[in-house]
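In the working numbering, the protein residues as written are 69 to 1204. Beta carbons: idealized from backbone N, C-alpha and C, even for Gly. In what follows, a structure is listed as structure tokens, so that the remarks can point back to it.
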């Protein structure tokens, strides 16, 4: 194969250089925008009107006062015009270096995309200023994969993005790669790949770099510096290059697939026959390993190094401005010089103050500001379709909507401008940026002024999102740096002339810049991008001929729409455990009557052994932890839980415990009374231990409750049901490409069969990891994300933890409240027929890291309120990528109409929960008001699973930044009856630290008070027996509902209990709903517990699904009551 540069066919795009580009000062774009230059071949540097390339005729060749002023500025600021040499960077032609040449061919190779429809150069082409001349890029799914620039169009029929709208599929404007090697602190608009070290080093070489995949630690790969580390990320973005393929593979596994593809080991049909041999020759030459095998030299890190070398070679700094700085007074027009003066002069000096942000020879201070540029497009991977910028990485309010200050070099070739490409014209960009408050009033949100959007129309939400950015407190921080006034036509023209003088000569010369574009004759494997010529057709996607049966399919189109539920056991007349239930509290349950919890970790109780260790420890092995990969560490770190339910044929609550690989799935049978538990064999097969927790519900209306196990590090969610032998057999496997945590159940379409929400945490292919499963008559489960309005187009599916189903606004339709990480918790309002709409008010729903959740009527006003655990930092400063303001309590103020919530966290006093996880509402002291119990902790990596020094460093880092969350005590927020809570964990004897995750609240000993079981991660279960009992001032009622089939658990039914609880609290009406919701990796039993204080009796009202109401008056307290919808008891009457 010959490696030589041949003049490529020029792009067809002709655009007046008057449309050339800038993205604004102090963040929002600049040379980080996309752009175009004339692509007609020529031999001389083109000179366009008002570019600053030639001086005006009236320019004085001698130093004028204006020149003298500028030279003083140049001297004072230490400008040289050369930002590259101090960073040890210099331009290099790809033909001059085999590593750069390899990087060039990889950069232009469609072999690095999932379906061969895109390459890096599809959005970052030298002919278009290192970008694509589009407001928003077109990644995969183009009409013609060989086209780049303005001719590249999306094929809507192939766009699998759940947010597909017929418009461009990329989330932001394509940043130029020209001079990208000169950034020292971060990459991308939002800086999500950034240097952790305080010391500034050229290109971040030799420094710790954090990425979206490294979480709270630095990238642990062999890649060095920002460019090498960053280069792997575009490969895995579904819309950019990956497409929605190879669902079973993690980000890293998919990258390794691409590398294996180059070696000819995977997807061999996608490359020419000599492709692997040609790539091997190129890699050997590039890395001076002439005898190396493909496995030795074609590696992911070498791909990154080569791509980085190519991008680093594109140093374009030889501009008119540079020559002016070097002493030539004649290279700038008078207008450009006036523009330079306005640019460098401060506002106090009558200038525009641009250099306060666009500083130095690189024209950027690399900081982040919110300058409220118009937000268009699908947003940056958020269901709200907004782009919150730097906040996504830092969780700091000053970074909300903030973007990196772009370099202004080569702005004459990098339009459109803004992080979303909101402006085609440089002059428009300057006007808006100078005065966002004024200019937003005239911005055309129909986007009719943008070339790419002709015939496409705008986005209905763009203006509101832009105004939110303008109203954010972060904008006030940037506003003082902006001119803050309308600019005159002369000011705009002068500034534009100066900015155009920053464009490199080679960038404007087709023959020169063509040296960075490979020719078709250099194609290694048939997949080299040559604009308008190659690849000639969209290939068929080739998948492994014999995929693992346990893996989800590679293509979403092959993902089964429905999963059959293969029940074989006969149905029952009612739940088996109800046959021998006694109404009275257990006589064998002895309590002190004090408001304390007694830890039950003694040998006799059955959960602990002789040496005080758990009988069945929790934990995962080193391979599962895989401490080299943060997307392995943290999913493992948050896995494990415990649920309570009736697993056999008696009324004593049992435990289902996900013990990890250390113990597998463990089921504890309640011995009765306060005797404790014994483990029992319950399953008729061994599913292993790679599970996060257990969810329970009767899916087919046969009065047998099914169990689902949330998957971790394996690819299916098993469904088990009981048989006549009291064993559980597998009735289905739900193929799942992502980890599953919280699982909740509810009848959302009023057909009696409960639907399922499966929460997934960690990004992945949402099309092969559905969250919402419609129950078709108990015979099959059908994934229904799109039809239900719960797809990633309507809500983020990336970081979900704890879904909660309930009718929040009393309209007869089930709503969904979803606690999710990284500011993505949502309120999805039921619209009928199993459909939902997003009504989240971000001014209210503000939990930064939603994790555990619980619903309960804490204020006894008849509706359900929402508690969400999050992360609280005592000093208010985060050591990582998490928030600091803690838990949230949202009071339900819905009164018909939409769901309306109010954040009353501060007045309630429940914010400080440490690093919170599983939570439950329960009346622990039986005073008539719901309290809150939740566990917390994070960061512990157990000893014995670290395999090398690098992993030990990662372990040490986690310990250093999360130390304050180690050995945490649970929180017990006791309701004071006045809307406030007090943390009384210590007073209640909760002195045993834990690294808590899943939790269940239950009355295990049937004594009328609520006990707690929780998972202590990598250790085992903890169990706390409540000693309150059911004495004269702590009486109770427990209500168990049995519904008519198929809704056998009467999910959605409302029970209200009216009683005089005594003392200052007096008469209270308490409300509970029958729900089957997660607490986070744990679930409470179906019993509804009411504390009654000193009340001897109470009136009960039951509203069954369908609306029938029963009134049961003067019910004696201290009893366990069972109400069966099919049989009205004599003590009750049907109420109007």
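### Query
Taking the alpha carbon of residue 805 as the point to measure from, which residue in 1055, 670, 708 and 621 has its own alpha carbon closest?
Locating residue 805 in the chain shown gives position 737, where the first residue counts as 1. The closest CA to that of residue 805, considering only 1055, 670, 708 and 621, is found on 621.
### Query
When you compare only the Cα positions, how much space is there between residue 981 and residue 1105?
One-based indexing of the chain shown puts residue 981 at position 913. One-based indexing of the chain shown puts residue 1105 at position 1037. Put simply, the backbone Cα of residue 981 is about 30 Å away from that of residue 1105.
### Query
residue 681: which of 1127, 278, 1089 and 239 sits nearest, CA to CA?
As a first step, residue 681 is located in the chain shown; it is residue number 613 there, counting from the start. It is 1089.
### Query
In terms of residue numbering, what span does the alpha helix (DSSP H) encompassing residue 174 cover?
In the chain shown, the residue the question calls residue 174 occupies position 106. Boundaries of the alpha helix (DSSP H) harbouring residue 174: 166 to 175, taken from the DSSP string.
### Coarse secondary structure for residue 578, derived from DSSP in three states
Stepping through the chain shown from its first residue, residue 578 is reached at position 510. Correct three-state label for residue 578: helix.
### Message
Please give me, in chain order, every unbroken run of the beta strand (DSSP E) with length at least 3 that falls completely inside the region 208 to 275.
### Response
Counting only runs of 3 or more, we get 261 to 263.
### Query
To the nearest whole angstrom, what separates the beta carbons of residue 289 and residue 594, a pair I think is in contact under 8 Å?
Taking the chain shown and counting its residues from 1, the one referred to as residue 289 is at position 221. Taking the chain shown and counting its residues from 1, the one referred to as residue 594 is at position 526. In this structure residue 289 does not touch residue 594 by the C-beta definition: roughly 29 Å separates them, more than the 8 Å allowed.
### Task
Could you tell me which of 420, 396, 397 and 415 sits nearest to residue 407, measuring between CA atoms?
The residue labelled residue 407 in the question sits at position 339 within the chain shown. Checked all of 420, 396, 397 and 415; the closest Cα to residue 407 is 420.
### Message
Mapping the DSSP letters down to three states, classify residue 834 as helix, strand or coil.
### Response
Counting from 1 along the chain shown, the entry for residue 834 is found at position 766. If DSSP states are grouped into helix, strand and coil, residue 834 belongs with the helices.
### Task
Check residue 154 in the structure and name its three-state DSSP category.
Along the chain shown, one-based indexing puts residue 154 at 86. It is helical.
#### Entry: Option in 1050, 1018 and 1007 with minimal Cα separation from residue 1029
Locating residue 1029 in the chain shown gives position 961, where the first residue counts as 1. Among 1050, 1018 and 1007, the Cα nearest to that of residue 1029 belongs to 1007.
### Query
For residue 1040 versus residue 1031, is the C-beta distance shorter than 8 Å?
Start at 1 with the first residue of the chain shown, and residue 1040 comes out as number 972. Start at 1 with the first residue of the chain shown, and residue 1031 comes out as number 963. At the C-beta level, residue 1040 and residue 1031 stay beyond 8 Å of one another.
### Query
Taking contact to mean at least 3 C-beta pairs separated by less than 8 Å, is the region 166 to 173 in contact with the region 271 to 282?
They do not touch, by the three-pair rule.
### Query
Should residue 722 be labelled buried (16 or more other beta-carbon atoms within 10 Å of its own) or exposed?
Taking the chain shown and counting its residues from 1, one reaches residue 722 at position 654. Its Cβ being crowded by 16 or more others within 10 Å, residue 722 is buried.
#### Entry: For residue 604, the first and last residue of its enclosing alpha helix (DSSP H)
By 1-based counting over the chain shown, the position of residue 604 is 536. Run containing residue 604: none; DSSP gives neither H nor E here.
### Task
My understanding is that residue 785 touches residue 816, with C-beta atoms under 8 Å, so please give their C-beta distance in whole angstroms.
As a first step, residue 785 is located in the chain shown; it is residue number 717 there, counting from the start. As a first step, residue 816 is located in the chain shown; it is residue number 748 there, counting from the start. The beta carbons of residue 785 and residue 816 sit about 19 Å from each other, so the pair does not count as a contact at 8 Å.
### Query
Taking Cβ to Cβ, would you say residue 475 is nearer than 8 Å to residue 431?
Start at 1 with the first residue of the chain shown, and residue 475 comes out as number 407. Start at 1 with the first residue of the chain shown, and residue 431 comes out as number 363. Against a cut-off of 8 Å, the Cβ pair of residue 431 and residue 475 comes out as a contact.
### Query
Relative to the C-alpha of residue 845, which residue among 767, 287 and 375 is closest?
Here residue 845 corresponds to residue number 777 of the chain shown, with the count starting at 1. Cα-wise, what sits closest to residue 845 is 767.
### Task
Taking only runs that begin and end inside the region 727 to 796, name each unbroken alpha helix (DSSP H) of 4 or more residues, in chain order.
Runs of the alpha helix (DSSP H) inside the region 727 to 796: 728 to 731.
### Query
Tell me, which residues are paired with residue 1151 by DSSP?
Numbered from 1 along the chain shown, position 1083 holds the residue referred to as residue 1151. In DSSP, residue 1151 forms a bridge with 1146.
### Any alpha helix (DSSP H) of 4 or more consecutive residues that is wholly inside the region 796 to 884
Note on the region 796 to 884: whole alpha helix (DSSP H) runs with a minimum of 4 residues are 853 to 856, in chain order.
### Task
State the Cα-Cα distance for the pair residue 1123 and residue 1168, rounded to the nearest angstrom.
As a first step, residue 1123 is located in the chain shown; it is residue number 1055 there, counting from the start. As a first step, residue 1168 is located in the chain shown; it is residue number 1100 there, counting from the start. So the two alpha carbons sit approximately 7 Å from each other.
### Task
Could you check which residue in 858, 526, 1056 and 994 has the C-alpha nearest to that of residue 1045?
As a working mapping, residue 1045 is identified with position 977 in the chain shown. Ranking 858, 526, 1056 and 994 by Cα distance to residue 1045 puts 994 first.
#### Entry: Residues near residue 538 by beta carbon distance below 8 Å, same chain, minus five either side
Translated into positions along the chain shown, residue 538 becomes position 470. Around residue 538: 440, 504, 505 and 508.
### Query
How many angstroms separate the CA atom of residue 900 from the CA atom of residue 881?
Numbered from its first residue, the chain shown carries residue 900 at position 832. Numbered from its first residue, the chain shown carries residue 881 at position 813. Cα to Cα, residue 900 sits roughly 6 Å from residue 881.
### Query
In three-state terms, what does DSSP make of residue 335?
Start at 1 with the first residue of the chain shown, and residue 335 comes out as number 267. Residue state, collapsed to three classes: coil.
### Message
On the DSSP bridge list, what partners appear for residue 365?
### Response
Position 297 of the chain shown, counted from the start, is the residue given in the question as residue 365. Note: residue 365 sits in no beta bridge, so no partner.
### Message
Buried or exposed, going by whether 16 or more other CB atoms sit within 10 Å of the CB of residue 218?
### Response
Here residue 218 corresponds to residue number 150 of the chain shown, with the count starting at 1. When all chains shown are included, residue 218 counts as buried.
### Task
Determine the burial state of residue 641: buried for a count of at least 16 other Cβ atoms within 10 Å of its Cβ, exposed for fewer.
If you number the chain shown from 1, residue 641 lands on position 573. Burial call: exposed.
### Query
Out of curiosity, what's the CA-to-CA distance linking residue 1280 and residue 443?
Because the chain spans 69 through 1204 in this model, residue 1280 falls outside it and cannot be assessed.
### Task
Could you tell me if residue 119 is buried or exposed, where buried requires 16 or more neighbouring beta carbons within 10 angstroms of its beta carbon?
Looking up residue 119 in the chain shown gives position 51. Low confidence applies here, because residue 119 scores a pLDDT of 39, under 50, leaving its location unreliable; read the following figure in that light. Label assigned to residue 119: buried.
### Task
Check residue 515 in the structure and name its three-state DSSP category.
Along the chain shown, read from residue 1 onward, the residue named residue 515 stands at position 447. Shown here, residue 515 sits in coil according to DSSP, grouped into three states, outside any helix or strand.
### Query
In chain order, what residues of the same chain have a beta carbon less than 8 Å from the beta carbon of residue 975, not counting five sequence neighbours either side?
Along the chain shown, one-based indexing puts residue 975 at 907. Cβ neighbours of residue 975 beyond the five flanking positions: 1047 and 1048.
### Query
Tell me the DSSP bridge mates of residue 1092?
Start at 1 with the first residue of the chain shown, and residue 1092 comes out as number 1024. Within the DSSP bridge table, the entry for residue 1092 names 667 and 1080 as partners.
### Query
Going by beta carbon distance, what residues of the same chain come within less than 6 Å of residue 748, once the five residues before and after it are set aside?
The count along the chain shown starts at 1 and reaches residue 748 at position 680. Within the same chain, 735 and 737 come within 6 Å of residue 748 by CB-CB distance, once the 5 residues on both sides are set aside.
### Task
Alpha carbon to alpha carbon, how far is residue 131 from residue 195? Give it in angstroms, no decimals.
Position 127 of the chain shown, counting from 1, holds the residue named residue 195. Position 63 of the chain shown, counting from 1, holds the residue named residue 131. Separation of residue 195 and residue 131 (C-alpha to C-alpha, rounded to the nearest whole angstrom) is 36 Å.
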